[in-house]
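Participant: Below you'll find the structure I mean.
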Amino acid sequence: MHMNSKSGVTALGCTIFIGTLGALPGVRKGTITKLINEGNEHYRKGRLAEAIKAYNQVLELDPENPEAWNNKGLILAVAGNYREALKCHLKAIELDPNNVDAISNVGMMHAKLEDYKTALEWYDKALVLDKSHETTWNNKGNLLSKLGKYDEALNCYNRALEINPNYMAAMNNKAVELIHLKRYDEAMELLNAVLRSRPLFSEGWYVKGKAYIGMGEFDKAIICLERSHRLNPDFQQAKRALDLLKNKLVQPPGTKTSRADKKSARTRSEQEKVEKAIQKEIMKPRSDTEIITDEFKRPEEHLTREESIARNFLLDEYQPFNELKTVSGKMLTKPQLETALDGLEKKGLATSRINGKNKEYAAAHSLGSIEQELIEDKEKQEPVDAGKDIHTLVSRARRYIESGRFTDASINLRKALKINPYDEMVICLLAQVQFEMGEHDRAINTIAKILGRRPDFVPAWFTLANASFKAGEYTEAAECYTKILELQPNNNDARKGLDASHTKISKS
1007 MHMNSKSGVT
1017 ALGCTIFIGT
1027 LGALPGVRKG
1037 TITKLINEGN
1047 EHYRKGRLAE
1057 AIKAYNQVLE
1067 LDPENPEAWN
1077 NKGLILAVAG
1087 NYREALKCHL
1097 KAIELDPNNV
1107 DAISNVGMMH
1117 AKLEDYKTAL
1127 EWYDKALVLD
1137 KSHETTWNNK
1147 GNLLSKLGKY
1157 DEALNCYNRA
1167 LEINPNYMAA
1177 MNNKAVELIH
1187 LKRYDEAMEL
1197 LNAVLRSRPL
1207 FSEGWYVKGK
1217 AYIGMGEFDK
1227 AIICLERSHR
1237 LNPDFQQAKR
1247 ALDLLKNKLV
1257 QPPGTKTSRA
1267 DKKSARTRSE
1277 QEKVEKAIQK
1287 EIMKPRSDTE
1297 IITDEFKRPE
1307 EHLTREESIA
1317 RNFLLDEYQP
1327 FNELKTVSGK
1337 MLTKPQLETA
1347 LDGLEKKGLA
1357 TSRINGKNKE
1367 YAAAHSLGSI
1377 EQELIEDKEK
1387 QEPVDAGKDI
1397 HTLVSRARRY
1407 IESGRFTDAS
1417 INLRKALKIN
1427 PYDEMVICLL
1437 AQVQFEMGEH
1447 DRAINTIAKI
1457 LGRRPDFVPA
1467 WFTLANASFK
1477 AGEYTEAAEC
1487 YTKILELQPN
1497 NNDARKGLDA
1507 SHTKISKS
């Protein structure tokens, strides 16, 4: 939610508008302003009964208040009473014909009533009056997506994000559209950007689960959907998708069953029904109205006070519990700290291990932690089959990198580092894999460890340069290629990389 240029508050794909009150007497005007602000605050927090009570009080004082009619319509819409909501928005337009928010909301109600042609007409009316109305672009995109016009929908989300680059609903809907178009790499890049800034945004994890489903990586999808539901237990769509997916994976088509299990085993046609149900549940875009709980709550509000405090003291490196208790001082008692750390672990924001008699904790990165969990699970299951042969492990990792099997590559490189923790080439390869897996912060830390010891180690500079270029950070890439040329003036690959970076910079 955010304030727009017309003093409106965008929420739920519709817009609460705070307008002028005309020539009402001062005391009465102040009361109405106070009631509208109270209603808007209740609305933001999901307290719908209190919100509609405040708007009704406004209408008792001023029956021709377009803002109150518009906002009352939004509450009715959230309650599923779209026809009554439509009447409220039309009343707001009758009182204020150029009220873009109400016009856009009329389009939203027609879409809810499945009158799609009329909905598009109203969205276009709103955009004629105000081309910078981001929620209209977002909701028009949702409707076009529902009609199967994915490219047009994508253009709408792009317009919304040009206006407000931090519009979370549009970001997520754009990612869904990219998934529809099977542009998974772009979807992942966008979702990682969302989760980098809002690691507790359950909707982001939900959509990342969608992307993994589209890619056929169901184990990662399950982790994402579980995290989404843990972060917001009220997010029922994530729970339904998770149940459907787990249901599908319990017994894939063609699995042999014993006689005792045959009665309960699914037929292939039943499995196909589950598959279709997953696609229907997972792949449809969601309007802001359908993510009320998650959009009302900022990510910090998904944490308890104690969890927020404990999170501030966690580092990338493991710290003993006693050290954390010392630094948290009087802010948390021992039981409070234990409960907070347990809560952070369940939400995927902390990790722990037993070191001797001590339990140690570290921050868990939201980006890349999906892959990290899978790596650690595999490491527990697989024996160390290469003994102390570091060359075999590295050769195997290189083959995995070439074939795009980055999780397997990481497992072998980590095994190699257990043999020799200071092998710079192995560390460099691990950083490359981390970049490929989206673990950018972790990869940069890995590279920094090498360059801190050996600032002249060219392979590390190349890894950083190539990753920066691939991420579209052309200035940083150019700086790295320049550093390589300072160390090796005749390095043609670095020269080509520098030229390519300068070309990209000149076009941006």
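Numbering (this note's numbering), first residue to last: 1007 to 1514. Where is the CB? At the ideal position from N, CA and C, for every residue including glycine. Since we're looking at a predicted model, the values are computed, not measured.
Assign Leu1153 to one of two classes, buried (16 or more other C-beta atoms within 10 Å of its C-beta) or exposed (fewer than that).
Facilitator: Exposed, by the Cβ-count rule.
Participant: What number of angstroms, rounded off, separates the C-alpha of Ile1396 from the C-alpha of Asn1148?
Facilitator: Roughly 52 angstroms between the two C-alpha positions.
Participant: At 4 residues or longer, what runs of the alpha helix (DSSP H) sit wholly inside the segment 1101-1188?
Facilitator: Runs found: 1106-1118, 1122-1135, 1140-1152, 1156-1169 and 1174-1186.
Participant: Just to check my reading of the structure: His1095 and Asn1076 have Cβ atoms closer than 8 angstroms, yes? What is that Cβ distance to the nearest angstrom?
Facilitator: That belief holds up - the Cβ atoms of His1095 and Asn1076 are roughly 6 angstroms apart, short of 8 angstroms.
Participant: Can you give me the C-alpha to C-alpha distance between Ile1450 and Thr1124, rounded to a whole angstrom?
Facilitator: About 51 angstroms.
Participant: Helix or strand or just coil, what does DSSP make of Gln1342?
Facilitator: Of the three classes helix, strand and coil, the one that applies to Gln1342 here is helix, per DSSP.
Participant: Applying the 10 Å Cβ sphere with the 16-neighbour rule, what's the burial state of Asn1496?
Facilitator: Asn1496 should be labelled exposed.
Participant: Let me confirm a value: Ala1193 is counted as buried when at least 16 other C-beta atoms fall within 10 Å, else exposed. Which label applies?
Facilitator: That one is buried.
Participant: Among residues of its own chain, excluding the 5 on either side of Ala1091, which ones have a beta-carbon nearer than 6 angstroms to its beta-carbon?
Facilitator: Result list for Ala1091: Gly1079, Leu1082, Ala1083 and Met1115, in chain order.
Participant: Within its chain, find whatever has a CB closer than 7 angstroms to the CB of Ala1415; leave out the 5 residues flanking it on each side and keep chain order.
Facilitator: If we look at Ala1415 and ignore the five residues flanking it on each side, its Cβ neighbours are Ala1403, Tyr1406, Ile1407 and Val1439.
Participant: Within 10 Å of its beta-carbon, does Gly1444 have 16 or more other beta-carbons around it, so buried, or fewer, so exposed?
Facilitator: The residue is buried, with at least 16 neighbouring Cβ atoms inside 10 Å.
Participant: Please list, in chain order, all residues of the same chain as His1139 whose beta carbon is under 7 angstroms from its beta carbon, the five residues on each side excluded.
Facilitator: The answer, listed in chain order, is Val1106, Ser1110, Ala1132 and Leu1133.
Participant: Hey, out of Leu1436, Phe1412, Thr1413 and Arg1411, whose CA is closest to Leu1423's CA?
Facilitator: Minimum Cα distance to Leu1423 is reached at Leu1436.
Participant: Hey, could you find the ends of the beta strand (DSSP E) Glu1366 is sitting in?
Facilitator: Here the beta strand (DSSP E) through Glu1366 covers Asn1364 to Ala1369.
Participant: Considering Cα atoms alone, identify which of Thr1142, Tyr1212, Glu1223 and Arg1460 is closest to Asn1178.
Facilitator: Per the Cα distances, Tyr1212.
Participant: Looking at C-alpha atoms only, which residue of Ala1368, Lys1226, Lys1510 and Arg1236 is the closest neighbour of Leu1251?
Facilitator: That would be Lys1226, whose Cα lies nearest to the Cα of Leu1251.
Participant: Thr1452 lies in the beta strand (DSSP E); which residues open and close that run?
Facilitator: It is not in any beta strand (DSSP E) - Thr1452 instead sits in the alpha helix (DSSP H) that spans His1446 to Arg1459.
Participant: Does DSSP classify Thr1310 as helix, strand or coil?
Facilitator: Three-state result, Thr1310: coil.
Participant: I need the straight-line Cα distance from Ala1217 to Ala1500, nearest angstrom please.
Facilitator: Those two C-alpha atoms are separated by around 34 angstroms.
Participant: I believe Ala1477 touches Gly1503 by the beta-carbon criterion, under 8 angstroms. Please report the beta-carbon distance rounded to the nearest angstrom.
Facilitator: 14 angstroms between Cβ atoms; not a contact.
Participant: From which residue to which residue does the beta strand (DSSP E) around Arg1405 run?
Facilitator: Element bounds for Arg1405: not the beta strand (DSSP E) but the alpha helix (DSSP H), Ile1396 to Glu1408.
Participant: Considering only C-alpha positions, which residue in the set Leu1135, Asp1462 and Tyr1122 is nearest to Gln1494?
Facilitator: The option with the nearest alpha carbon to Gln1494 is Asp1462.
Participant: For Lys1059 and Gly1045, what's the separation of their Cα atoms in angstroms?
Facilitator: Approximately 8 angstroms, taken between the alpha carbons.
Participant: Between Ala1176 and Leu1167, how many whole angstroms is the CB-CB distance? I'm expecting something under 8 angstroms.
Facilitator: That pair is a contact at about 5 angstroms.
Participant: Going by C-alpha to C-alpha distance, which of Tyr1190, Pro1465 and Arg1233 sits closest to Glu1223?
Facilitator: Closest option to Glu1223, Cα to Cα, is Tyr1190.
Participant: Answer yes or no: do Ile1453 and Ala1471 have a C-beta to C-beta separation smaller than 8 angstroms?
Facilitator: No. Outside cutoff.
Participant: When DSSP builds the beta bridges, which residues end up paired with Ile1003?
Facilitator: Since the first and last residues shown for the chain are 1007 and 1514, residue 1003 lies out of range.
Participant: Looking only at C-alpha atoms, which of Thr1039, Leu1065 and Ala1085 sits nearest to Arg1053?
Facilitator: The candidate whose alpha carbon is nearest that of Arg1053 is Ala1085.
Participant: Taking only the alpha-carbon atoms, compute the straight-line gap between Arg1204 and Thr1141 and give it to the nearest angstrom.
Facilitator: When rounded, the distance between both Cα atoms is 20 angstroms.
Participant: Counting only the same chain and skipping the five closest in sequence on each side, list residues whose C-beta sits under 8 angstroms from that of Asn1364.
Facilitator: Pro1326, Phe1327 and Asn1328.
Participant: Could you check how far apart the C-beta atoms of Tyr1367 and Tyr1428 are, in whole angstroms? I think they sit under 8 angstroms.
Facilitator: About 26 angstroms; that fails the 8 angstroms criterion.
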